[in-house]
Amino acid sequence: MRIFFAGPLTDLRDPMKTKAFYKKLAQTTETNHVDYFWAFLNGTDPIANPDVPAPKVYEVDKEQLEKSDIMVAYVGEPSTGTGIEIEIAKNRGIPVYILYEKGARVSRMLRGCPAVKGEIVFENEADALAQFDRLLKSLKSSPLPR
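Heads up: the sequence shown begins at 1396 in the numbering used here, then just goes up one per residue.
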């Protein structure tokens, strides 16, 4: 199984905190021996890699998404790019799992997307990581939804 992680990178409220959370999600994935791709860890982060041209970012993300079995998207902050990636996943039949803080206002359009197979609504970071770990274990032990 291979996960494509998505989530906002541009104009984050607290970039250090959000990216630290992303890294903990990646570590949980590694602990479960699951392969993954996350753009901000692979050369297209808008802050760390500002010189990468926009068409290249689009192509890299699209190519990596198409190689993945599922998408996990943090949607607790608005992101046009994440929305585009979710639509690409839908068009390719790739199941999407979204995660966000309890009380976050998440678009009904996104939550109603047929690709979204599950939601992790969390109280705090520890809760998010525990729920994500359970999701990974369940996905590894059963066929992926389509």
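We put the beta carbon where it would ideally sit given N, CA and C, even for glycine.
| Asked | Found |
| --- | --- |
| In this structure, how does DSSP classify I1479 when only helix, strand and coil are distinguished? | helix |
| With L1505 as the anchor, note down where its alpha helix (DSSP H) starts and where it stops. | 1503-1506 |
| Quick check on DSSP: helix, strand or coil for L1494? | strand |
| Just to confirm the assignment: which complete alpha helix (DSSP H) runs, minimum length 4, are found wholly within the region 1404-1429? | 1410-1426 |
| Thinking C-alpha only, which one of E1458, L1524, N1519, I1479 is nearest M1504? | I1479 |
| So, at 7 Å on beta carbons, what are the nonlocal neighbours of F1399 in its own chain, with the 5 sequence-adjacent residues on each side left out? | F1432, Q1459, L1460, S1463, M1466 |
| For A1468 and D1446, what's the separation of their Cα atoms in angstroms? | 25 Å |
| Output needed for Q1526: all residues of its chain with C-beta closer than 7 Å, excluding positions within five of it in sequence on either side, in chain order. | I1515, F1517 |
| Note down, in chain order, each residue of its chain lying with its Cβ closer than 7 Å to the Cβ of E1496, except the 5 sequence neighbours on either side. | G1471, F1517 |
| Could you check how far apart the C-beta atoms of L1524 and K1419 are, in whole angstroms? I think they sit under 8 Å. | 6 Å |
| Since P1410 contacts I1442 with CB under 8 Å, what's their CB separation in whole angstroms? | 7 Å |
| Check whether the Cβ atoms of L1531 and N1427 sit closer than 9 Å, and answer yes or no. | yes |
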